[in-house]
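>
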Amino acid sequence: MKINRIIIQNLSAQKGERLLFEDISFELEPGQSLLLKGPNGSGKTTLLHILAGADQPKGGDVNIYTISSGETPRQDGVIGISHFITHQDGLKKSLTVHENLTFWTEYMGGDKTRIDSALRTVGLEPMPHILAARLSAGQKKRLMLARLLTVSHPFWLLDEPSVSLDDDGQKLLTKLMQEHISAGGILIAASHLPLGIEFNHTLTLTGGRYMFNDDYLLDEENI
Amino acid sequence: MKPLLALLRRDINLFFRSGGGAGQAIGFYLVVIILFPFGVGPDINLLARISIGVLWVVLLLAILLSAERIFADDLEDGSLTLLLTAGPLPELVILVKLIAHWLCIALPLLLITPFLALMLNLPAGGLIPLIICMSIGSLGLCALATIGAAILVAIRRANQIIALLILPLYIPILIFGVSATTDMTYQIEKPYTSLLILLGITLISLIIAPFASAQALKANL
Chain A
1 MKINRIIIQN LSAQKGERLL FEDISFELEP GQSLLLKGPN GSGKTTLLHI LAGADQPKGG
61 DVNIYTISSG ETPRQDGVIG ISHFITHQDG LKKSLTVHEN LTFWTEYMGG DKTRIDSALR
121 TVGLEPMPHI LAARLSAGQK KRLMLARLLT VSHPFWLLDE PSVSLDDDGQ KLLTKLMQEH
181 ISAGGILIAA SHLPLGIEFN HTLTLTGGRY MFNDDYLLDE ENI
Chain B
224 MKPLLALLRR DINLFFRSGG GAGQAIGFYL VVIILFPFGV GPDINLLARI SIGVLWVVLL
284 LAILLSAERI FADDLEDGSL TLLLTAGPLP ELVILVKLIA HWLCIALPLL LITPFLALML
344 NLPAGGLIPL IICMSIGSLG LCALATIGAA ILVAIRRANQ IIALLILPLY IPILIFGVSA
404 TTDMTYQIEK PYTSLLILLG ITLISLIIAP FASAQALKAN L
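Protein chains in written order, with my numbering: chain A, 1 to 223; chain B, 224 to 444.
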């Protein structure tokens with residue numbers, strides 16, 4: 001599946017009584033990346049959840065245009081074309097490293113023949129039959145990253161992806177993101193730490209307000 | 224289809240590895256049915272008369288009390304978000320989880336029912352009707368349990384609240400389940416009327432459950 005464009009229009013979100021952000025609009029094309037910044041509780045994770053289809057916005061639209069969908073937005077939204085990496089690993093403790101990766105690869109429609117090489121790339125090759133419960137936080141993160149390799153989805157949503165990774169792990173993450181972008185993927189990441197790549201755009205959430213670092217707004221009033 | 228089969232395999236696999244849940248339902252079923260004859264006393268005729276009702280009620284409770292498991296583990300480690308957004312339609316995902324739950328919880332209960340029926344002196348010829356009706360009814364019970372589990376997914380240790388929430392929905396299945404079993408056991412005239420109603424309730428529950436649960440989960444994630 002190839003994405004043509006992702007257009008976010010007037011997105012707003014609310015947590016309880018508090019308005020997290022409103023009227024966020026931006027547009028991303030293949031090979032582009034967006035960095036989400038902002039203090040804790042400013043709505044970065046909520047925005048990613050909304051983009052991933054796991055949360056409902058208070059208002060606004062997330063429209064994804066693919067080659068097959070043409071000029072009308074894709075019916076299923078991001079379902080089946082996006083990777084969402086969060087602090088929640090989605091790993092089952094009583095399954096082994098290999099079983100966890102195999103399940104998600106099959107479930108997300110990936111390529112099972114890539115599992116071994118993906119484990120090698122993320123450095124978990126020596127332990128495919130260890131239970132996920134035995135992994136350290138960094139190893140779990142690496143196992144999540146392996147999913148990015150076995151399933152080729154064009155739209156990546158990463159929430160603090162570098163947390164708990166060691167230096168090697170962070171370099172690996174940087175490399176994966178670079179390869180994804182140069183292969184025409186779209187990337188949105190939220191992070192406090194430098195991720196080692198140049199983002200095309202930065203969106204700073206400040207709790208109720210937000211600002212872009214570039215002239216990339218669809219809606220001029222919001223600068 | 225492949226993702227759904229992978230999910231079914233994973234759920235069954237997880238179920239047997241993490242133990243706990245299956246043991247709880249089977250343990251509950253066993254303990255209650257074994258204790259019952261001791262509590263009621265040695266009146267064989269009385270036991271025979273109440274056996275069908277007792278087996279049904281305990282089956283219903285065993286399924287109810289394991290309802291929370293359907294989504295709780297997946298919510299906790301974040302799998303649920305991915306399951307609902309990264310693959311097939313949420314409704315289908317829920318249907319598969321419902322079937323997995325039936326295979327892991329209800330099926331083992333049905334398998335030990337013949338032995339427990341002996342303890343309660345189930346009337347002769349009652350076993351086959353009982354198993355048929357329970358197989359159908361338990362599927363409906365699992366469907367309703369799924370709705371309850373989805374609505375209360377955000378609450379930890381919600382088993383009893385789930386039970387309370389969907390109790391009214393369970394009652395028709397219990398009534399027609401027991402009456403279908405009784406009718407078929409004693410071979411009254413037109414023995415299948417209740418069975419057909421039971422089947423109808425189960426099918427309706429199976430159709431409604433995935434949609435209702437998907438909406439509930441979306442609101443809860």
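Cβ atoms here follow ideal geometry from the backbone N, Cα and C, with glycine treated the same way.
At the level of alpha carbons, what is the spacing between M357 of chain B and L421 of chain B?
10 Å
> Helix, strand or coil, according to DSSP, for Y65 of chain A in the structure here?
strand
> If we cut at 8 Å on Cβ distances, does K320 of chain B have a partner in chain A?
Cβ-Cβ to chain A under 8 Å: no for K320 of chain B.
> Does the contact criterion of 3 or more C-beta pairs under 8 Å hold for the stretch 124-132 of chain A versus the stretch 167-187 of chain A?
no
> Report yes or no: is there a C-beta of chain B within less than 8 Å of the C-beta of Y65 of chain A?
no
> Along the alpha helix (DSSP H) that carries H324 of chain B, what are the first and last residues, could you check?
313-324
> In the DSSP assignment, find the beta strand (DSSP E) that holds F155 of chain A and state where it starts and stops.
155-159
> Checking the sheet assignment: what are the DSSP bridge partners for I6 of chain A?
Residue pairing for I6 of chain A: DSSP places it in a beta bridge opposite A:L28, A:I64.
> Kindly confirm or deny that the stretch 342-355 of chain B and the stretch 247-260 of chain B touch, where touching means at least three C-beta pairs closer than 8 Å.
yes
> Closest to I188 of chain A by C-alpha separation, out of A:G41, A:P194, A:I3, A:T202, would be which residue?
A:T202
> Alpha carbon to alpha carbon, how far is L334 of chain B from S152 of chain A? Give it in angstroms, no decimals.
43 Å
> Near R147 of chain A, which residues of its chain fall below 6 Å by C-beta distance, leaving aside the five closest residues on each side in sequence?
W104
> Below 8 Å, can you find three or more Cβ-Cβ pairs linking the stretch 82-90 of chain A to the stretch 6-23 of chain A?
no
> Would you please verify whether the beta carbon of G310 of chain B is less than 8 Å from any beta carbon of chain A?
yes
> Any chance you could list the alpha helix (DSSP H) runs of at least 4 consecutive residues sitting entirely within the stretch 348-395 of chain B, in chain order?
With a minimum length of 4 residues, the continuous alpha helix (DSSP H) runs that stay inside the stretch 348-395 of chain B are 350-374.
> So for S33 of chain A, helix, strand or coil by DSSP?
strand
> Does the stretch 136-145 of chain A come close enough to the stretch 66-76 of chain A to have 3 or more Cβ pairs within less than 8 Å?
Output reads no: the stretch 66-76 of chain A does not touch the stretch 136-145 of chain A.
> Hey, could you find the ends of the beta strand (DSSP E) S82 of chain A is sitting in?
From DSSP, the beta strand (DSSP E) with S82 of chain A extends over 82-85.
> Which residues of chain A have a Cβ atom closer than 9 Å to the Cβ of P226 of chain B, listed in chain order?
E106, Y107, M108, G109
> For L28 of chain A and L51 of chain A, I'd like the C-alpha separation in whole angstroms.
12 Å
> Give the interface partners of A229 of chain B over in chain A, defined as CB-CB distance under 7 Å, in chain order.
F103, E106, Y107
> Select from A:L157, A:R120, A:T66 the residue whose C-alpha is nearest the C-alpha of L35 of chain A.
A:L157
> Determine contact between the stretch 396-413 of chain B and the stretch 274-281 of chain B, defined as no fewer than three beta-carbon pairs at a distance below 8 Å.
Verdict: yes, contact present.
> Does any CB atom of chain A fall closer than 8 Å to the CB of D300 of chain B?
Interface residue (Cβ-Cβ distance to chain A less than 8 Å): D300 of chain B is classified as such.
> In whole angstroms, what is the alpha-carbon distance linking N222 of chain A and D23 of chain A?
The predicted model places N222 of chain A with a pLDDT of 43, which falls under 50 and marks its position as unreliable; any figure quoted below should be read in that light. Each residue's alpha carbon lies about 8 Å from the other.
> Put T49 of chain A into one of helix, strand or coil per three-state DSSP.
The sequence shown places His at residue 49 of chain A, rather than the Thr named in the question. Three-state DSSP puts H49 of chain A in a helix.
> Near L367 of chain B, what residues of its chain come up, given a Cβ to Cβ distance below 8 Å and the 5 sequence neighbours on each side ignored?
I389, L392, Y393, I396, S428, A432
> Can you confirm whether S94 of chain A, when its beta carbon is compared against all beta carbons of chain B, has any partner nearer than 8 Å?
yes
> Nearest CA to the CA of L418 of chain B: which residue from B:R380, B:P352, B:Y409, B:D297?
B:P352
> Taking Cβ positions, are L444 of chain B and T336 of chain B nearer each other than 8 Å?
no
> Do we get a CB-CB distance below 8 Å when we pair L228 of chain A with the residues of chain B?
The requested residue 228 of chain A is not part of the displayed model; chain A covers only 1 to 223.
> Answer with buried or exposed for I106 of chain A, where buried requires no fewer than 16 other C-beta atoms within 10 angstroms of its C-beta.
Position check: residue 106 of chain A holds Glu in this sequence, whereas Ile was assumed. Buried, since its Cβ has 16 or more Cβ neighbours within 10 Å.
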